[in-house]
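Engineer: Residue numbers are given in this note's numbering: position 71 of the sequence shown equals residue 58, and the series is strictly consecutive. All C-beta atoms in this analysis are idealised placements derived from N, C-alpha and C, irrespective of residue type, glycine included.
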Amino acid sequence: MCQSPWRGNNRGRCYRTRGYRPRAARQTAALPEKLHSAGVVLPTRYTARLQAPCCALSCCGRCSGLPRNHPVCSPGLQPQSARYPEKRKAELALLGSILIAGVVAHAALAAEADSPGLPGNAATAQELPQVMVIGNAPLPGFGLPLNQVSSNVQTANSEDLKRAQTTGVAAYLNRSFSGVNVSESADNPFQLDINYHGFSASPLLGTPEGLSVYVDGVRVNESFGDTVNWDLIPESAISTLSLISGSNPVFGLNTLGGALSLQTKSGHDNPGTEFEAYGGSFGRRSLQGESGGAIGPFDYFATAHYFDETGWRDMSPTTVRQAFGKVGWQNDKSDVDLSYTYADTRLFGNGAAPLSMLYYRREQSYTPDSTHNLLHFVNLTATQFLSERLLLSANAYYRRLITANSNGSNNDNYLTSAYAGPPLDCSVPAADRLGIAYCSNATTQVSELLQRTAGFGLQLTDTQDVFGWKNQGILGADYHDCADEFTQAFQYGNFAADRTLIYLANPLNDETVISLRGSNRISGAYLTDTLSAGRAVHLTVSARYNRSTETLNGYHVDTDVGDAGSGFDQAGPLVGQHTFTRINPAIGFTVTPTEAVTYYANYNEASRAPSVVELGCANPLQPCGLPNDFASDPDLKQVVAHTLEIGLRGNPADQRLNWSADAFRTLNRDDLEFIATTTNAGYFDNVGSTRRQGLDFAVGGKAGGLQWRLAYSLVDATFRSGFVVSAQSNSTADANGDIVVRPGDRIPLTPRHTGRLLLDYQLSPRLELGGNLIVVSGSYLHGNENNANQAGGTNGAGAFISPTGSGWIPSYAVIDLQGTWHLEKSVALFARIANVLDQQYSTAGFLTTNTFNPDGTFRSNPLDRTHENAVSPGTPRALWAGVRVHFD
């Protein structure tokens, strides 16, 4: 328990404050009622301190995660340094230009001259673990109490992440958040596809992206394909995360099904030094350290992480190097932060393998794929109070990402019956590119992608009352300039025994088949206003204008031997310019009839413009692999999502039992899908309308040392328009290999039911035990979009569908356990067991033509190949253990 003049931080430890004046215990006695009446619930670790002197909680300051000028904070509860006892404070992100920095510096120096010590800064509240005060715009601001937010919100903080012992943010979302499941399409722990309510945030090109992800106000969906690289986000740098459901237009492009907002740590709120090391199964080794502190008005925070493992499947090593640093300066009115993120990752993601091979030996991989990412990310933020009720926020950033990729696969041109050129003798060395492409059974596509993005944003928040009612209005604008450079070469060869490529030594090999430069200029303006009509009713209206202009300039080479004599090996231009604009509206309200219950409803719209990769791969006559040869770019339409959501939640003051129920329906117009033409190629196209609808239920609470949570989600994701797609391994495919998808068919890889149970038990002051159960129902595979494939059937071309070609992933349940033993105050041992029951399950896959025997040897005769499921197997049972040491 912290006693004056000490106060607690977000680790529950105490540190000395400057210029602090103790407050009487009678002032804090009313605090629980004030917080409860405002719909704000504090973190568990603070509820026991509410009756202590206010220093222990820092009342309406950093430790509670509330701005010191939050409406629930009365003047009597304000720290001595808070100048505006009745205004709601927040963070403003002023990043960017020299002019903005100069204004902040001038105001800061003036304020510093008036301040004898280091006062608390309300403008940094967003950097702290905020459990029930929710950010309602991309840039930091005051946020809204949960009872004023008209959507389903799930939150976590750094302590939750640490307790879960997961490998990253994506793995934590899958463990803990309702409505979330993963597709391990790449089968690498740092390359998970996160699916929320049927919308995805994935690192893989070709996945329809439908979630936006922000780190400190910067959207980190990559410009080339709106992908999200989870390996570039250091988990040890995260202070808080919030997942907000729905198509909230304020969060900009790609927010079709939700927005994930991450805030990073600062030294002022994370003092001390901590080291962590663990290892175990699959040759895994992990080292991590962090250190933070404050010196006068300055603070610093730094963390680094090294991760290495050989992997549990053949040829699946992973190496991750991450670093994050932040320096800041603050006074009572201003805050400036400069952060830098570095990541160097080498990931082997071998993805799906045919079931017959997995039955023979589950560790087998089909063909090895590797990705190397190198990131430099600089983010400057600053905040400034212009008056007691006006808060200016801004940001400016630069992000540079280089991705080198090597994808091995079977060669679709090998001895293909579609070949119509001159006779070829594959028993002699090839004399031209045509012979190489026709006679080689394997290919490796080697690509390099450079993505550079720079941008800035401005946001003004006004808390002036309107007609005597409390009101918060936000007006903002942002601009992003993205430049992409992509090159790729085809390397032909033949499979070795381990299914790696034996490169064909021929001067005609290794030709660059695509060279593309693309740019994307994105601008937007938004507003949102929340009006509180008394204490019980809160109305929010929002709108955003988006404009995206994308330009492509480059060339591609035709690699289809079916075009022999009519375009094969010929270069064609890849040029185009596309502009997408739209205004997206939203309206919502909440009603709180009692202090413990909130009802809410909302309607909102959001849009997603086709990305550079989608525009460059949109011609069905010239399909491309991913990433692979692109073609002329027919116009695609932007996707528009319309979401209706209603729900209620209960948050009693004692937190012994809290619950929520939410119903949602999202209709996507002109939805984009990757239409496969072969196992390794396809194109993007608008497929009409799709719909995701469902329910979320969650209940949890505390009883003594036990914390628990039980959640269930129903997601009904269906196509609402019919279309034709190539699926040669589907039993209903016609002679051309096409199937017909009809309205009502379920979208692949979207489980209808998911459930999870989380338990954490404080067995003693030294020992904590926990576990989680995840249950996921079955789903259809890609290639079975019509939901009609039958194992053992025969398609229209007379091909037999293997008994292992059901086109369906069975349901599964996985149990994980973890525990922590505190040897003393600063040293702890921890351990985690994944998949305790060693269940064999799969999370992703597609129908495929298998070119290998079950033992992995190549089938040289195309007629011997089988049509079956290719699935991504889940991780088997594993044990990791480690030690954590903290120094104040």
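Rounded to the nearest angstrom, how far is the Cβ of residue 822 from that of residue 864, given a contact under 8 Å?
Structural biologist: 5 Å
Engineer: In the DSSP output, what is residue 299 paired with across the bridge?
Structural biologist: Paired residue(s): none; residue 299 is not in a bridge.
Engineer: Tell me the rounded alpha-carbon separation between residue 747 and residue 756.
Structural biologist: 6 Å
Engineer: Please name the residue, chosen from 424, 407, 405 and 404, that lies closest to residue 413 on a Cα-to-Cα basis.
Structural biologist: 424
Engineer: Buried or exposed: which applies to residue 478, given that a residue is buried once 16 or more other Cβ atoms fall within 10 Å of its Cβ?
Structural biologist: Answer is buried; the Cβ neighbour count reaches 16.
Engineer: Could you tell me which residues DSSP puts in a beta bridge with residue 878?
Structural biologist: Because the chain spans -12 through 875 in this model, residue 878 falls outside it and cannot be assessed.
Engineer: Grab the span of the beta strand (DSSP E) containing residue 276 for me, first residue to last.
Structural biologist: Taken as a continuous stretch (DSSP letters only), the beta strand (DSSP E) holding residue 276 covers 271 to 282.
Engineer: For residue 361, decide whether its Cβ has a neighbour in chain C, counting only Cβ atoms nearer than 8 Å.
Structural biologist: The question asks about chain C, but that chain is absent: this structure has only one protein chain.
Engineer: Confirm, please, whether the CB-CB distance from residue 818 to residue 871 is below 8 Å.
Structural biologist: no
Engineer: Could you pull out every residue in the same chain whose Cβ sits closer than 6 Å to the Cβ of residue 510, ignoring the five residues on either side in sequence?
Structural biologist: 466 and 534
Engineer: Could you check what DSSP says for residue 600 in three-state terms: helix, strand or coil?
Structural biologist: helix
Engineer: Can you tell which of 331, 458, 773 and 567 has the C-alpha that lies nearest to the C-alpha of residue 729?
Structural biologist: 773
Engineer: Is it buried or exposed for residue 456, if we count other Cβ within 10 angstroms and need 16 for buried?
Structural biologist: exposed
Engineer: Assuming residue 388 contacts residue 362 under a Cβ cut-off of 8 Å, what Cβ separation, rounded to an integer in Å, is found between them?
Structural biologist: A Cβ-Cβ distance of about 5 Å is found for the pair residue 388 and residue 362, placing them in contact under the 8 Å criterion.
Engineer: For residue 593, which residues in the same chain have their Cβ closer than 6 Å to its Cβ, ignoring the five residues on either side in sequence?
Structural biologist: 234, 236, 242, 243, 571 and 628
Engineer: Find the nearest neighbour of residue 839 within the set 445, 256, 483 and 374, judged by alpha-carbon distance.
Structural biologist: 483
Engineer: Just to confirm before moving on: does the CB-CB distance between residue 830 and residue 861 stay below 8 Å?
Structural biologist: yes
Engineer: Nearest by alpha-carbon distance to residue 827: which of 476, 796 and 766 is it?
Structural biologist: 796
Engineer: Would the segment 704 to 715 and the segment 133 to 141 be scored as touching if the rule is three or more Cβ pairs under 8 Å?
Structural biologist: no
Engineer: Quick check: what's the CA-CA separation for residue 869 versus residue 264?
Structural biologist: 5 Å
Engineer: With which residues is residue 672 paired in a DSSP beta bridge?
Structural biologist: By DSSP's assignment, residue 672 forms a beta bridge with 660.
Engineer: According to the neighbour-count rule (16 or more other Cβ atoms, all chains shown, within 10 Å of its Cβ), is residue 405 buried or exposed?
Structural biologist: exposed
Engineer: Going by Cα to Cα distance, which pick from 539, 519 and 532 is closest to residue 463?
Structural biologist: Checking every option, the nearest Cα to that of residue 463 belongs to 532.
Engineer: With 16 other CB atoms within 10 Å as the buried threshold, where does residue 349 fall?
Structural biologist: exposed
Engineer: Just to confirm before moving on: does the CB-CB distance between residue 669 and residue 548 stay below 8 Å?
Structural biologist: no
Engineer: Run the CB neighbour count on residue 416, radius 10 Å, all protein chains shown included, and call it buried at 16 or more, exposed below.
Structural biologist: exposed
Engineer: List in chain order: all unbroken alpha helix (DSSP H) runs of 4+ residues lying wholly within the segment 169 to 230.
Structural biologist: none
Engineer: Who does residue 414 pair with in a DSSP beta bridge?
Structural biologist: Per DSSP, none; premise fails for residue 414.
Engineer: Should the segment 850 to 861 be regarded as contacting the segment 498 to 515, the criterion being three or more beta carbon pairs within less than 8 Å?
Structural biologist: As far as the Cβ criterion goes, the segment 850 to 861 does not touch the segment 498 to 515, which means the pair count is below three.
Engineer: Look up residue 442 in the DSSP assignment and say whether it is helix, strand or coil.
Structural biologist: strand
Engineer: To which residues does DSSP link residue 880 through a beta bridge?
Structural biologist: The chain is shown only over -12 to 875; residue 880 falls outside these bounds and no answer can be derived.
Engineer: Based on the DSSP secondary-structure assignment, which residues constitute the bridge partners of residue 457?
Structural biologist: 519
Engineer: Which partner residues does residue 689 have in the DSSP bridge list?
Structural biologist: 694
Engineer: State the Cα-Cα distance for the pair residue 770 and residue 845, rounded to the nearest angstrom.
Structural biologist: 23 Å
Engineer: Measuring straight from C-alpha to C-alpha, what distance separates residue 866 and residue 266?
Structural biologist: 8 Å
Engineer: Name, in chain order, the residues that DSSP records as bridge partners for residue 781.
Structural biologist: 787
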